[in-house]
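Participant: What follows is a structure written as structure tokens; I'll ask about it next.
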Amino acid sequence: FEVWLPLTTWNRKFQVVGNGANAGAISYDAMASALRRGYAVASTDTGHATTNARDASWALGHPELIEDFSHRALHLTTIHGRSIVNTFYAAAPSRSYYVGCSTGGRQGMMESQRYPDDFDGIVAGAPASNWTHFQSGGHLWAFMALNKDPESYIPANKLPLIEKGVNDACDAKDGRKDGILEDPRQCPFNATALVCASGQDPNSCLTAKQAAAVNAIWNGAKNSRGEQIYPPYMRGAEAQGGWATYTTGTGPGTGSHYDQASNTLGYMLFQDPKWDWRTFDFDRDIPMADQKMGALMNAFDPDLSKMRQHGAKLLLYHGWNDPSISPLNTIDYYEKAVATWRQQTARPASDRSDPDFIRLFLVPGMLHCSGGPGADTFDAVGALERWVEQGQAPNELMASHMKDGQATFTRPLCAYPRTATYDSGTSTWRCPR
């Protein structure tokens, strides 16, 4: 791990930043962002080094490295990093924060549940928190939908027609036709509407098997009993870079869904470098994964009472069109955490007040952690600072869509479960009060 210590601009605060994918490198870009804000900042490679963040071969025969990756390395980095800060400045930091997305989001969730005294505030974006189900029911399911049958594969040049079908059916539902769905859950579009008619140019439509594959991704992973294993990916922004990177790849058998699932499941779960994804059985192997690795890797405990007792705050965010981790998984966790809080504090059913320790922001049109057609640039750290230090709970974040360093449009992000509404008279989006 490394700790960076500003000589003259220290804001008297400490920040730890998270990792992506299967880690293996110190997060220098994130450290630089924290340093520019005046933070003393720490980051860890989580105990192994690799130039390929998708690689998991380091886990073969090394359960101690898996535990480091799961939770131990970041916690110890936090403890030792804070000690270094204390020694260097001869003063303890006034506040400690954590910031991460994806695997970094899972690390933040793990901190909130396993080590609730480590931080005063946590930003956890797109958390890979339901890890055993996400790797199999997310990555592997989406890959298998397109690749188990060679005729189901969809080339990247067909993604624009899928996105157009979604937007034609649903874009105007939120009051403005702009290529961004405010809440994709409200879109019931079925890919069978894109199946080729007799004599139609095959480049302008889908085959029946291709449409079934798209619907399988939109409907999410289920076992043979029809039980949902992992929530689906959302409709929209298929042609905006996310699906080409994660789902279709550069050809059959490629894409980040395959890289992540084959490495993670093969090396971490099955401990077999020759593991074949075709052998995965969702009825048999999901319960096995939960039993073998669930307690270690899943950060899905909704009881945040110890974090609340510490006075810490948890700010979650997730792109609605994330092609890697379903935003519905984060919604599911948030709703469970809030329900647990209501039960623990004996709140009457009529009390629908917002919790004072957790907020969730869904970002329309945003892909995995950033990118996409939506307004994906916003200051979550500043909002968290005001919440922790001034007691100003964030109910709205102003976000921008950036191009060449300039904001092309702005849009408010509303604290879940609220969604923004469009006022055509003033051409503005507003969060309900």
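Read in order, the letters of the sequence shown are residues 278 to 710 in this note's numbering.
Note that CB positions come from ideal geometry on N, CA and C, so glycine has one too.
#1: Whole angstroms are fine: how far does the CA of Leu282 sit from the CA of Ala368?
#2: Can you tell me the Cα-Cα spacing of Met584 and Gly442, whole angstroms?
#3: Excluding the five sequence neighbours on either side, which residues of its own chain have a C-beta within less than 6 Å of the C-beta of Val472, listed in chain order?
#4: Going by beta carbon distance, what residues of the same chain come within less than 6 Å of Ala307, once the five residues before and after it are set aside?
#5: Report yes if the CB atom of Ala311 is closer than 8 Å to the CB atom of Val318, and no otherwise.
#6: Hey, how far is the Cα of Ala448 from the Cα of Thr698?
#7: According to DSSP, Phe638 sits in a beta bridge with which residue or residues?
#8: For Phe466, which residues from the same chain have a beta carbon less than 7 Å from its beta carbon, with the 5 sequence-adjacent residues on both sides left out?
#9: Please report the residue range of the alpha helix (DSSP H) in which Gly381 lies.
#10: Apart from the five residues just before and just after Phe346, which ones in its own chain have a Cβ nearer than 8 Å to its Cβ?
#11: So what does DSSP say about Tyr430, is it helix, strand or coil?
#12: Under DSSP, the beta strand (DSSP E) around Gln669 begins and ends at which residues?
#13: Nearest by alpha-carbon distance to Ile635: which of Asp536, Phe686, Lys613 and Gly543 is it?
#14: Would you report the Cα separation of Leu644 and Ala474, rounded to the nearest angstrom?
#15: Out of Asp553, Asn575, Asp653 and Arg555, state which residue places its alpha-carbon closest to the alpha-carbon of Trp597.
#16: State buried or exposed for Asp536, treating a residue as buried only when at least 16 other CB atoms are found within 10 Å of its CB.
#17: May I ask you to list the residues that DSSP assigns as paired with Thr531?
#18: Smallest Cα separation from Ser630: which of Leu351, Met565 and Asn672?
Facilitator: Put simply:
#1: 13 Å
#2: 44 Å
#3: Leu483, Ala485 and Ala488
#4: Val294
#5: yes
#6: Contrary to the premise, residue 448 reads as Asp rather than Ala in this sequence. So the alpha carbons of these two residues sit roughly 13 Å apart.
#7: Tyr594 and Ala692
#8: Gly442, Val443, Ala446, Cys447 and Arg512
#9: Thr380 to Arg391
#10: Asn299, Ala300, Thr323, Gly324, His325 and Ala336
#11: coil
#12: Note, Gln669: premise wrong, no beta strand (DSSP E); not H, not E.
#13: Lys613
#14: 32 Å
#15: Asp653
#16: buried
#17: DSSP, once it has assigned bridges, lists no residue as partnering Thr531.
#18: Asn672
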